[in-house]
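Under the working numbering, the first residue of the sequence shown is numbered 964, with each subsequent residue one higher.
So the structure is just underneath, and the comments pick up after that.
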Amino acid sequence: MNRYLSSLFVLDDVDQITVTLWGDEDPIGEKKIDWGQLVDTRDFNAIPFCETPDYIPIMDDMRERTFKELIDISELRSAMCRALGAVGRVTNENMEPRLARLQLKMTVIEYREHLEHCRKEYPSFFIPSKLAQSPAPQHLNQWVHSGGPQMILEYLEAAVKLVEILDKGEHPDIELVGTRTEMATKLIKLIEVQPKRSEGEKLSHFWIVDPIIRSSRAVQTIAAIQVVLRLIEKIMLKLAKNVPTTVPDTFAKGKGKKEKKAAEEATEKALKECKAVIFLEHIRAMHVELRYAGNFLCSHWGQMMAIEDENVPSKVGEDLGKAQLVLEEVRSSVESRIQRSYLNAFEDMQTTVRSRF
């Protein structure tokens, strides 16, 4: 998690980001985490229960399912980090080129396969455990069905194809990464964080947790795409061959057939070489769409905080049945802290967006 968040939101230097994403403890990619060997050491006895013995199997089932979700989301983040890091390692002068390219292909495949696994295992209607002893849900189902990880995968796969194109001495078309309109369309879906409800419909308790989580995941996706686009730009600058530095003067008409043919061939060659410049400028322009998306979220959070009374519940201890009597003594303290935590979450995300995008 530290590698993931620091790479997306703390570091600025591309080389440092690459090392952090890949993991400097494994410079050539020989070590891999064996996720199946991890042991669950969580203690669920901290909250005792007075139910019948039939409750124990329910607890055991909850333990197994929540641990599996924790492993899956950790593996997905790790696979994403490795794939992003592998993109940056292609331009590392200390890397053996064939090894760097092999690692790039393999890590992107691993990320794609685990993402597909998570989408099958955690459907969009997945309901987390409601037991008092349950840990906080990971919301993995929301993440893998949000469209964010798929967007990141598309740009990672584009990076793989880009390296193959450049290695052949050719230059890419902008279709490799898609148009800005296509990116904007996907980002619009990603940043729809407000819950949908009918007019006059009463909001459930703690409903605002969902928009906070969706917003956080959206910002993470935008930051990850920003990183991979910066790495793609570096690949272009490092690996692209025959990129013109000046406008070629090849458009004059020749007098004879040979001169005309030579001029046409030179013009065609110049246009092909200019594709690299066009592609590079297109990659840089795509950052504008990311900033638009980030600024939209930032503005949206500001609006939610401006009408705090409507969006942040002031009385969270209502309609809780018998539990309300138990919580009554600490009600005011709990409510104020929960309110503050909601507002702090939005303020922290606003600060992050303003500093990074």
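Note that beta-carbon positions come from the ideal geometry of N, C-alpha and C, so glycine has one too.
- It is roughly 11 Å from the alpha-carbon of Ser-1097 to the alpha-carbon of Glu-1027.
- Taking Tyr-1118 as the centre and dropping the five residues before and after it, the same chain places the C-beta of Val-1140, Ile-1188, Val-1191, Leu-1192, Ile-1195 closer than 8 Å to its C-beta, in chain order.
- Between the C-alpha atoms of Ser-1041 and Ser-1092 there is a straight-line separation of about 25 Å.
- Counted as a single uninterrupted DSSP element, the alpha helix (DSSP H) harbouring Asp-978 occupies residues 977 to 985.
- Distance from Ile-1198 to Leu-1125 at the Cβ level is roughly 6 Å; contact confirmed, criterion being Cβ atoms closer than 8 Å.
- Non-local C-beta neighbours of Ile-1034 in its own chain, meaning closer than 7 Å and more than five positions away in sequence, comprise Trp-998, Leu-1001, ordered along the chain.
- Looking at Glu-1145, Met-1146, Trp-1170, the one whose alpha-carbon comes closest to that of Val-1156 is Trp-1170.
- Per DSSP, the unbroken alpha helix (DSSP H) holding Gly-1048 starts and ends at 1018 to 1052.
- Between Gln-1105 and Lys-1204, the alpha-carbon positions lie close to 42 Å from each other.
- Under the three-state reduction of DSSP output, Asn-1057 falls in the coil class, being neither helix nor strand.
- Within the segment 1121 to 1180, the complete alpha helix (DSSP H) runs of at least 4 residues fall at 1143 to 1153.
- If you draw a straight line from the Cα of Leu-1243 to the Cα of Glu-1310, it is about 34 Å long.
- Contact between Ile-1185 and Leu-1253 holds, since their C-beta atoms are separated by about 5 Å, short of 8 Å.
- Around His-1077, the same chain offers Glu-1038, Leu-1039, Ala-1042 as residues with beta carbons nearer than 7 Å, after the five sequence neighbours per side are excluded.
- For Glu-1032, the closest C-alpha among the options Pro-1100, Val-1316, Trp-1264 is that of Pro-1100.
- Inclusion of Val-1053 and Leu-1067 in the CB contact set at 8 Å is warranted, their separation being smaller than that value.
- Taking each of Phe-1259, Ile-1301, Arg-1300, His-1080 in turn and checking the Cα distance to Met-1312, the smallest one comes out for Phe-1259.
- If you compare the alpha carbons of Val-1071, Val-973, Leu-1153 with that of Ala-1121, the shortest gap goes to Val-1071.
- In the DSSP assignment, Tyr-1085 falls outside any alpha helix (DSSP H), carrying neither H nor E.
- Straight through space, the alpha carbons of Tyr-1085 and Val-982 are spaced by roughly 31 Å.
- The three-state reading of DSSP puts Arg-1254 in helix, counting H, G and I together.
- In the structure shown, the three-state DSSP call for Asp-1311 is helix.
- The continuous alpha helix (DSSP H) containing Trp-1106 extends over residues 1103 to 1107.
- Shortest Cα-Cα distance from Ile-1176 to any of Asp-978, Asp-1023, Ser-1304 involves Ser-1304.
- With respect to the 8 Å criterion, Met-1249 and Leu-1306 are not classified as neighbours on the basis of their beta carbons.
- Between the C-alpha atoms of Asn-1055 and Arg-1180 there is a straight-line separation of about 30 Å.
- The alpha-carbon of Trp-1264 is positioned some 16 Å away from that of Arg-1319.
- For a cut-off of 8 Å, the C-beta gap from Tyr-1074 to Leu-1103 is around 15 Å, too long to register as a contact.
- Apart from the 5 residues on each side of it in sequence, Lys-1152 sits with its Cβ closer than 7 Å to the Cβ of Gly-1110 in its chain, given in chain order.
- By the neighbour-count criterion, in which 16 or more other beta carbons inside 10 Å mark a residue as buried, Tyr-1018 falls on the exposed side.
- For Pro-1135 against Lys-1238, the beta-carbon gap comes to about 7 Å, under 8 Å, which counts as contact.
- In the DSSP assignment, Ser-969 falls within the alpha helix (DSSP H) that extends over 965 to 972.
- In the same chain as Thr-1314, and ignoring 5 residues on each side of it, no C-beta atom comes closer than 7 Å to its own.
- Within 10 angstroms of the beta-carbon of Gly-1048 lie 16 or more other beta-carbons, which makes it buried.
- Cβ neighbours of Phe-1089 within its own chain (closer than 6 Å, five residues either side excluded): Asn-1104.
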